[in-house]
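Residue numbers (the numbering used here): 32 to 513.
Beta carbons: idealized from backbone N, C-alpha and C, even for Gly.
Every value quoted in this text rests on a predicted model; they were computed, and no experiment measured them.
Take a look at the structure set out below.
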């Protein structure tokens, strides 16, 4: 079991400034007869507010107030409240910590609340299911964790385990600066008289609910120790950006699999990507995409853009403009194969039907309808639960407010978007502000919306972020209450 607290899982959402970003990696392990949960916390430096240290020594510091609650139903099993302080730094950087909770085997709910002490409005709440395994069989495998940085450590750093400092991946993403993936797991044996066991580990395409191509594998013989921590390494320098999984299996001498674990990760490798896709020349079965023309493939790629997440998002423009047709088909197929491995064609055609309708509905003079702000948001998050259109408020440009009860991918509730038509050209609505994580958040949106009717004094106010009240300025009320 491993959880990525962000949408890929988390890499898929890019939080805007002043929105707290926290990556949390969890795993269950065994220590003697006890089981415990290990929770790594990373605060992304760009999302926290750093201020000059109390010592006034030219260094910056950030502080986050954390509350961890582990519960079963309505019963709280474990609770910890603490403040995580960054080191003294010259500039904002990530800072990390690890918490370990002694827990009996079972299912739990982990709730995390985090508040930026220097800016209490900057906060985040997370809630995820957790499973702590019992490790009761003769051969057991702990949860598998992935680390980007691993080095020997002789100090008492909380991120060190068994004399090794291990820094978890940020949101489960293997970034381009990482050439070797470090895999940590532990083997637990009850009978060590005649083990003759092997560990097989490798990387496959796709996440753990898909059957993907095996890219590499290695096999290593295990010792006969009852508790064996393992750090396994696999090269990832020649793996293109995409979704992958690491599998770890324990086999006996007959190659029978006794226990296995799988963990997902995302590879971001933009430099290698262009080389890979430019020279892509493999002949594969893309089923329904085989007979598609280049125009149909390009349309499909553009229409798919709203639901493509990083790292493939950054690659998409290059694929459309410069990749050969065979590579375009492979890229488009891989996106939808990841989304729906069992019925890829049906899922893609259903989506394309909606995309074509969105194209017609929001089509403007520039690009396809799904490339406009409203079309993009519609395809990315689905149809809004309600829409309010205002086009006769005297001081305001025409505007629309979209309301969502919940954003499925992030489980964020009570989400609003406001668009405005500054050009006054039909359908030319641009996203002005939203409460959705990862989308535009504009504190001065009222000033822009009412730009037609503001006098010079109002516009020139220093740091003005809102307009004066008036009977004909009701957008804020509509946005907050609609």
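Cβ-Cβ separation, residue j to residue i (assumed contact under 8 Å), whole Å
i	j	result
residue 127	residue 71	7 Å
residue 214	residue 175	6 Å
residue 354	residue 362	7 Å
residue 83	residue 153	That pair is no contact at about 18 Å.
residue 123	residue 76	4 Å
residue 74	residue 115	7 Å
residue 158	residue 130	Between residue 130 and residue 158 the Cβ distance is about 16 Å, and since that is not below 8 Å, they are no contact.
residue 281	residue 228	6 Å
residue 173	residue 58	7 Å
residue 470	residue 462	7 Å
residue 332	residue 346	Contact flag wrong, Cβ pair sits at about 11 Å.
residue 434	residue 417	5 Å
residue 145	residue 68	Actually they are not in contact, since the Cβ atoms of residue 145 and residue 68 sit about 18 Å apart, beyond 8 Å.
residue 177	residue 294	6 Å
Three-state class that DSSP yields for residue i in the structure shown
i	result
residue 320	helix
residue 365	helix
residue 488	Any answer about residue 488 is weak, because its pLDDT of 44 lies below 50 and its placement is not dependable; what the coordinates show is given next. DSSP places residue 488 in helix when its eight states are reduced to three.
residue 511	helix
residue 504	coil
residue 36	Reliability fails at residue 36, whose pLDDT of 34 lies under 50, so the model's placement of it is uncertain and the value that follows must be treated cautiously. If DSSP states are grouped into helix, strand and coil, residue 36 belongs with coil.
residue 143	strand
residue 212	strand
residue 114	strand
residue 219	strand
residue 358	helix
residue 401	helix
residue 170	strand
residue 119	coil
residue 338	helix
residue 286	coil
residue 417	strand
residue 582	Outside the modelled stretch of the chain, which goes from 32 to 513, sits residue 582, for which no answer is possible.
residue 187	coil
residue 272	coil
CB contact flag (residue i, residue j, <9 Å)
i	j	result
residue 387	residue 334	yes
residue 342	residue 301	yes
residue 430	residue 356	no
residue 330	residue 419	no
residue 155	residue 101	no
residue 303	residue 264	no
residue 321	residue 368	no
residue 138	residue 162	yes
residue 160	residue 66	no
residue 442	residue 436	no
residue 171	residue 61	yes
residue 450	residue 404	yes
residue 97	residue 143	yes
residue 200	residue 296	yes
residue 530	residue 205	Missing from the structure shown is residue 530; the chain here goes from 32 to 513 and no further.
residue 147	residue 95	yes
residue 402	residue 336	yes
residue 257	residue 219	yes
residue 132	residue 167	no
Where the alpha helix (DSSP H) through residue i begins and ends
i	result
residue 334	325–335
residue 21	Lying before the first or after the last residue shown, residue 21 is absent from the chain, which here runs from 32 to 513.
residue 62	Residue 62 -> not in any alpha helix (DSSP H); beta strand (DSSP E) instead, spanning 53–62.
residue 128	Counting along the chain, residue 128 falls outside any alpha helix (DSSP H), though it belongs to the beta strand (DSSP E) covering 126–133.
residue 409	404–412
residue 349	343–353
Delimiting residues of the beta strand (DSSP E) encompassing residue i
i	result
residue 103	94–103
residue 260	258–266
residue 447	443–451
residue 454	That residue, residue 454, is in no beta strand (DSSP E); it is neither H nor E in DSSP.
residue 479	Here residue 479 belongs to no beta strand (DSSP E); instead the alpha helix (DSSP H) covers 476–480.
residue 301	Not the beta strand (DSSP E): residue 301 falls in the alpha helix (DSSP H), residues 301–309.
residue 464	461–465
residue 68	65–74
residue 198	195–199
residue 471	Here residue 471 belongs to no beta strand (DSSP E), and DSSP marks it neither H nor E.
residue 161	150–163
residue 245	245–252
residue 435	430–438
residue 235	229–236
*Assess, as a yes-or-no matter, whether the region 399–414 is touched by the region 308–327 under the definition of 3 or more beta carbon pairs within less than 8 Å.*
no
*Is the number of C-beta pairs between the region 283–290 and the region 235–245 that are closer than 8 Å three or more?*
no
*May I ask you to verify whether the region 503–511 touches the region 412–431, counting CB pairs closer than 8 Å and requiring at least 3?*
yes
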